[in-house]
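No gaps in the numbering here: position 6 of the sequence shown is 8 in this note's numbering, and each next residue is one more. C-beta: ideal position from N, C-alpha, C; glycine also. As the structure is a prediction and not an experimental result, all values here were calculated from the model. Only one structure is covered here, and it is reproduced in the block below.
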Amino acid sequence: MLRIIKKYTLPFRTSASGNSQIPGNIQVFSSYPGTIFSGDDFYILSSGLVALETTIGNNNPARWKYLDPRGSVLEWLRNIVANRLARSGPEWATVFRRFNSGTYNNQWMVVDYNAFTPGRASPPPGVLTVLEQIPGLVMAADRTELLYQQGYWASYNLPYFEEIFNASGTPELVKKYGDWFTYDKNPRAQIFRRNQTLVCDLDSMVRLMRSNNYLQDPLSRCKGWQGPSQREDP
Numbered sequence: 003m004l005r006i007i008k009k010y011t012l013p014f015r016t017s018a019s020g021n022s023q024i025p026g027n028i029q030v031f032s033s034y035p036g037t038i039f040s041g042d043d044f045y046i047l048s049s050g051l052v053a054l055e056t057t058i059g060n061n062n063p064a065r066w067k068y069l070d071p072r073g074s075v076l077e078w079l080r081n082i083v084a085n086r087l088a089r090s091g092p093e094w095a096t097v098f099r100r101f102n103s104g105t106y107n108n109q110w111m112v113v114d115y116n117a118f119t120p121g122r123a124s125p126p127p128g129v130l131t132v133l134e135q136i137p138g139l140v141m142a143a144d145r146t147e148l149l150y151q152q153g154y155w156a157s158y159n160l161p162y163f164e165e166i167f168n169a170s171g172t173p174e175l176v177k178k179y180g181d182w183f184t185y186d187k188n189p190r191a192q193i194f195r196r197n198q199t200l201v202c203d204l205d206s207m208v209r210l211m212r213s214n215n216y217l218q219d220p221l222s223r224c225k226g227w228q229g230p231s232q233r234e235d236p
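Structure (structure tokens):
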């Protein structure tokens with residue numbers, strides 16, 4: 003499929019009678035022809051927010067009972083609405099979590115550049131908001147402090163929040179397959195923890211994200227499936 007970068011400038015107002023533009027009236031995102039949302043789920047917004055996700059799925063059959071087309075809105079549309087209306091990470095989470103469809107279950111990360119000051123060691127809350135969705139349950143929290151303590155935040159297609167981790171049936175996958183499905187010990191978590199200090203600019207970030215040294219790196223063994231770049235995608 004043809005991937006392209008899109009820029010939307012939307013002359014939308016916050017109300018029918020008002021003059022204020024919506025916060026996310028300008029959006030830049032990777033996408034595909036014929037779609038009005040990203041599909042890759044990476045958005046840069048005029049509100050000062052950047053939103054992206056990795057998919058965590060649901061492995062608990064008991065939770066599918068929460069899927070009901072009545073009173074729910076599909077994930078991609080809630081994403082669009084949150085991108086357009088939110089002025090902060092918490093606002094984005096508040097808008098997005100309404101009418102949870104329980105489909106396309108992801109870990110969303112929203113970075114607020116309005117709250118970020120380069121070189122500031124102790125930022126105010128709001129730089130990083132993390133949200134996770136599964137059928138019948140959405141959790142969101144500010145993780146700015148953890149971001150600055152670790153020096154990075156990475157996402158591995160696995161739930162971060164313990165309640166989401168347990169409710170999604172991931173512990174059963176850990177029992178069956180081991181550390182591959184743990185949040186802290188899966189191969190990509192170990193690789194990012196080891197190599198994140200090598201990132202000092204955009205080029206070194208790209209090198210880390212594209213790395214797949216399965217012939218020499220013990221953390222990437224298993225036919226190369228475990229590297230950050232390959233990650234066993236179809």
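Under the three-state reduction of DSSP, which class applies to residue i: helix, strand or coil?
i      : result
Pro3   : The residue you asked about is not Pro; residue 3 is Met in the sequence shown. If DSSP states are grouped into helix, strand and coil, Met3 belongs with coil.
Gln237 : Past the boundaries of the shown model lies residue 237; the chain is included only from 3 to 236, so the question cannot be answered.
Lys187 : coil
Phe98  : helix
Ser32  : strand
Arg196 : helix
Ile82  : helix
Tyr10  : strand
Arg15  : strand
Ile136 : strand
Thr37  : coil
Asp70  : coil
Asn159 : coil
Pro120 : coil
Tyr154 : coil
Let me make sure I understand the geometry here. Which of the options has the alpha-carbon closest to that of residue i?
i      : options                           : result
Ser32  : Lys9, Gly73 and Pro13             : Lys9
Thr11  : Gln29, Pro35, Asn21 and Ala18     : Gln29
Asn81  : Leu130, Val112 and Lys178         : Val112
Ile38  : Ile6, Thr131, Lys187 and Ala18    : Ile6
Thr16  : Gly180, Ala84, Leu4 and Leu221    : Ala84
Pro1   : Ile24, Gly20, Met3 and Leu4       : Residue 1 is absent from the model: the chain starts at 3 and stops at 236.
Gly73  : Gly138, Leu200, Lys178 and Leu148 : Gly138
Arg122 : Ser103, Arg100 and Leu149         : Leu149
Ile136 : Phe163, Gly153, Gln152 and Gln151 : Phe163
Tyr45  : Pro173, Arg99, Trp94 and Arg100   : Trp94
Asp43  : Asp70, Asn197, Ala18 and Leu79    : Leu79
Should residue i and residue j be called a contact, given that it needs their Cβ atoms to be closer than 8 Å?
i      : j      : result
Pro125 : Thr96  : no
Arg65  : Gly26  : no
Leu51  : Asp144 : no
Ala142 : Val129 : no
Glu77  : Tyr34  : no
Trp110 : Leu133 : yes
Phe183 : Leu160 : yes
Tyr216 : Arg190 : no
Asn214 : Ser222 : yes
Asn62  : Gly153 : no
Tyr68  : Gly20  : no
Pro92  : Thr131 : yes
Asn102 : Val140 : yes
Ser48  : Arg89  : no
If you measure from the beta carbon of residue i to each beta carbon in chain D, is any gap under 8 Å?
i      : result
Ile166 : No chain D is present in this structure, which holds just one protein chain.
To which residues does DSSP link residue i through a beta bridge?
i      : result
Arg223 : In DSSP, Arg223 forms no bridge with anything.
Glu55  : Trp110
Gln23  : Arg15
Met207 : None; Met207 has no bridge partner.
Ile46  : Val30 and Val52
Thr131 : Val112 and Asp144
Val75  : Asn102
For the ligand NAD, is there any heavy atom lying closer than 7 Å to the beta carbon of residue i?
i      : result
Tyr115 : Ligands displayed in this structure: none; no statement on the ligand NAD is therefore possible.
Open item on the list: Taking 8 Å as the cut-off, does the segment 159 to 168 touch the segment 52 to 61 (at least 3 CB pairs, one atom from each stretch)?
Closed with: yes
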